[in-house]
Amino acid sequence: MPCVVALGGVLAAEVPAAAQGRWFKGNTHAHSLNSDGDVPVDEVVRWYRTHGYHFTFITEHEYFTDVAPLNALFAAANRFLVLAGQEVTQRVEDRSHPGGARQAHVNALGTNRLVLPLGERNLATGMSIAATFARNGQAIRDAGGIMQVNHPNFLWSVPLADMMDLPDSTLFELWNGHPIVYNLGGTDSTGHVMPSTEARWDSILSRGKLLFGVADDDSHSFRPEDAGNPDLARPGRGWIWVRADTLSPTAILDALRRGDFYSSTGIVLRDLRVSPGEYRLEITPAGDRRYLTEFIGHGGRVLATSTTLRPVYRITGNEGYVRARVSDSSGRMAWTQAVRVRR
Ligand SMILES: [Zn+2]
Ligand SMILES: [Zn+2]
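Put into structure tokens, the structure is as follows:
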């Protein structure tokens, strides 16, 4: 009998209350005029409020947003909520890298105060990206929040090795909607291969470490006249569905901490359940779209595929971990969190 360690928090037998919760759609990365976005913060909030979201975090560069006035205007019980946070825009000196620095941005989600990055003008010297993740992660936890590692392929910045020491349950951007963060990876100008975010995830999971994959917007451009411009960081491209019993900061942050959410660029799941023997999804169909679910294990290997709306994978105990990736015939995606599997 395999023993399933549900660090993704979806083991129904262990967390029945959460598994019976409601799904809330949200975004964990948004900018306004308070940093380098192009509209006032209330317009950012209004966009998410009027486009079917239940929550958004506001994550300005080095600016902590007081969300109380925004919630006074926009919040509604179990329908919409603004959550506090920021982007910690850490850079790390590396003379061998184009521009002399690498970007080690992380989001602080649910924090109660500003967290400043290390170094003058955010430039840490004489330390690794991994060391800044450790320091900034601790500072974010000290401020009551959760760390999300952002866009590792932005300016070809974060070597995979620097993500290997992140603590279990750290969030990272598996899919960021900004057009120049290169989720699919590539080779940098010095010839180093920078893996896709999804390949990074499988490498890290295969080492036995459990990170939670997030899809978000990193939205900066909200002007209606720019709606059709693919070269701008528009809202509405990637999001998460979080399972919680109510729409409160505590409930959403707790669900993020236990990994009780999935990431999407358009596919909606009706249900998601893992028991000691099974990993089970239920897809909400849209029009005449067709769906492909791939169950993935150690080394990124595809363990099984299904084209039904209720794919089920029977866990054998040899997988190392199991996660699911769903794609539809129009290219939309959903990614569920991994569970570690041990015999
Ligand atoms: Zn960033
Ligand atoms: Zn950003």
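Under this note's numbering, the sequence shown has 24 at position 17, and the numbering climbs by one with no breaks.
Yeah, the Cβ is synthetic: ideal placement off N, Cα and C, and Gly gets one too.
| Query | Result |
| --- | --- |
| Cβ neighbour criterion (16 or more within 10 Å) applied to V89 | buried |
| Residues of its chain near R277, where Cβ-Cβ distance is below 8 Å and the 5 sequence neighbours each way are ignored | E289, I290, T291 |
| The stretch 121-137 touching the stretch 75-86, judged by at least three CB pairs closer than 8 Å | no |
| Burial state of R250, where buried means 16 or more other Cβ atoms lie within 10 Å | buried |
| Cβ-heavy atom distance, T35 to ligand 1, below 8 Å | no |
| Boundaries of the alpha helix (DSSP H) in which T139 is found, first to last residue | 136-149 |
| Three-pair Cβ contact test at 8 Å for the stretch 265-274 versus the stretch 194-210 | no |
| Buried or exposed (CB count within 10 angstroms, at least 16 for buried), A331 | buried |
| In DSSP terms, what G360 is bridged to | With the chain represented from 8 up to 350, any question about residue 360 goes unanswered, as that position is not in the structure. |
| Neighbour-count burial assignment, H58, 16 or more Cβ in a 10 Å radius | exposed |
| Beta-bridge pairing of I290 - partner residues as DSSP gives them | L276 |
| Neighbourhood of L299 by C-beta, 8 Å cutoff - its chain only, sequence neighbours within 5 removed | T312, S313, T314, V333, S334, D335 |
| Lining residues of ligand 2 - beta-carbon closer than 5 Å to any non-hydrogen atom, in sequence order | E94, D225 |
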